[in-house]
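Residue numbers (this note's numbering), protein chains in the order written: chain P, -7 to 101; chain X, 38 to 150. Beta carbons: idealized from backbone N, C-alpha and C, even for Gly. Model, not experiment: these values are computed from the prediction. Take a look at the structure below.
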């Protein structure tokens, strides 16, 4: 089965609202990375965490390696936040990433 | 500035033809990776390398070869391109010290006809 289970697969938000994306891991992961893929297909690195919580503007991410999950919180959503969000987890010391299937976020006015 | 540069950015190839995708990094990173992304899905690891002149198989290596002639350069080779290899390909690099995030290139869109 998939080692990285990402949910939800799709999410619709109105501007100014917020929500959380989640990734569950079926095996111990060393670190997690969150990306936004924009309409041009580029992967924008949002966060890289080996543990704990990081915050950047309206985004906050947490990685709990003991309980095998990570979350990405978006608050005060803006139209430009639309896109597909991926989590990717490092399985070992060579930084190989296993990706979730993504969350397609649509922010509407 | 740290960078991973892929070339070409897009390519159309014929079934059975040979395709080479190139990746160049200026980050002095030891590790380099090739991933593919199919429409509507996440990325999957094809091959990776942790030192020049050595490559390792990733999760989906069949139909692909890789070459790491120097620390800066990592190529992905499709000897006999097939329709199923139509995808977007991403290259990434990472330092040996794993407390830093891997850096990704902009992707190469490959269409095999």
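Cross-strand partners of residue i (DSSP beta bridge)
{"i": "residue 58(X)", "result": "113(X)"}
{"i": "residue 50(P)", "result": "None; residue 50(P) has no bridge partner."}
{"i": "residue 81(X)", "result": "73(X)"}
{"i": "residue 12(P)", "result": "65(P)"}
{"i": "residue 86(X)", "result": "69(X)"}
Cβ-Cβ distance between residue i and residue j below 9 Å
{"i": "residue 95(X)", "j": "residue 115(X)", "result": "no"}
{"i": "residue 149(X)", "j": "residue 49(X)", "result": "yes"}
{"i": "residue 17(P)", "j": "residue 53(P)", "result": "no"}
{"i": "residue 95(P)", "j": "residue 2(P)", "result": "yes"}
{"i": "residue 41(P)", "j": "residue 25(P)", "result": "yes"}
{"i": "residue 138(X)", "j": "residue 53(X)", "result": "no"}
{"i": "residue 141(X)", "j": "residue 37(P)", "result": "yes"}
{"i": "residue 89(X)", "j": "residue 106(X)", "result": "yes"}
{"i": "residue 144(X)", "j": "residue 121(X)", "result": "no"}
Residue i, buried or exposed, once every other Cβ within 10 Å from all chains shown has been counted against 16
{"i": "residue 88(P)", "result": "buried"}
{"i": "residue 82(P)", "result": "buried"}
{"i": "residue 56(X)", "result": "buried"}
{"i": "residue 74(X)", "result": "buried"}
{"i": "residue 71(P)", "result": "exposed"}
{"i": "residue 66(P)", "result": "buried"}
{"i": "residue 75(P)", "result": "buried"}
{"i": "residue 85(P)", "result": "exposed"}
{"i": "residue 6(P)", "result": "exposed"}
{"i": "residue 97(P)", "result": "buried"}
{"i": "residue 80(X)", "result": "buried"}
{"i": "residue 91(X)", "result": "exposed"}
Within chain C, the residues that residue i reaches when beta carbons sit closer than 9 Å
{"i": "residue 94(P)", "result": "Among the protein chains of the structure shown, namely P and X, there is no chain C."}
Flag this pair as touching only if the region 97 to 110 of chain X and the region 45 to 61 of chain X have three or more C-beta atom pairs under 8 Å; answer yes or no. With the rule of 3 Cβ pairs closer than 8 Å, the region 97 to 110 of chain X counts as touching the region 45 to 61 of chain X.
Beta carbons nearer than 7 Å to chain P: which residues of the region 128 to 143 of chain X have them? Listed in sequence order: 131, 135, 136, 138, 139, 141 and 143.
Meets three-Cβ-pair contact criterion under 8 Å: the region -5 to 12 of chain P and the region 26 to 34 of chain P: With the cut-off at 8 Å, the region -5 to 12 of chain P and the region 26 to 34 of chain P do not touch.
Could you name the residues of the region 39 to 50 of chain P whose beta carbon sits closer than 8 Å to any beta carbon of chain X, in the order they occur along the chain? Look at the region 39 to 50 of chain P: the residues with a C-beta under 8 Å from a C-beta of chain X are 40 and 42.
Using a Cβ-Cβ cutoff of 8 Å, what residues of the region 79 to 92 of chain P are near chain X? List them in chain order. Listed in chain order, the positions of the region 79 to 92 of chain P with a beta carbon within less than 8 Å of a beta carbon of chain X are 80, 82, 85, 86, 87, 88, 89, 90, 91 and 92.
Name, going along the chain, the residues of the region -7 to 16 of chain P whose beta-carbon falls closer than 7 Å to a beta-carbon of chain X. Residues: none.
Counting only Cβ-Cβ distances shorter than 9 Å, please list the residues of the region 76 to 94 of chain X near chain P, keeping chain order. Look at the region 76 to 94 of chain X: the residues with a C-beta under 9 Å from a C-beta of chain P are 77, 78, 79, 80, 81, 82, 85, 87 and 93.
Taking three-plus beta-carbon pairs below 8 Å as touching, is the region 43 to 55 of chain X in contact with the region 13 to 24 of chain P? With the cut-off at 8 Å, the region 43 to 55 of chain X and the region 13 to 24 of chain P do not touch.
Any C-beta of chain X within less than 7 Å: which residues of the region 27 to 39 of chain P qualify? Legend: CB atoms of the region 27 to 39 of chain P lying less than 7 Å from CB atoms of chain X belong to residues 33, 34, 35 and 37.
Output, in sequence order along the chain, the residues in the region 56 to 69 of chain X whose CB is closer than 8 Å to any CB in chain P. Answer in chain order: 68.
Any C-beta of chain X within less than 8 Å: which residues of the region 56 to 75 of chain P qualify? Of all residues in the region 56 to 75 of chain P, none has a C-beta nearer than 8 Å to a C-beta of chain X.
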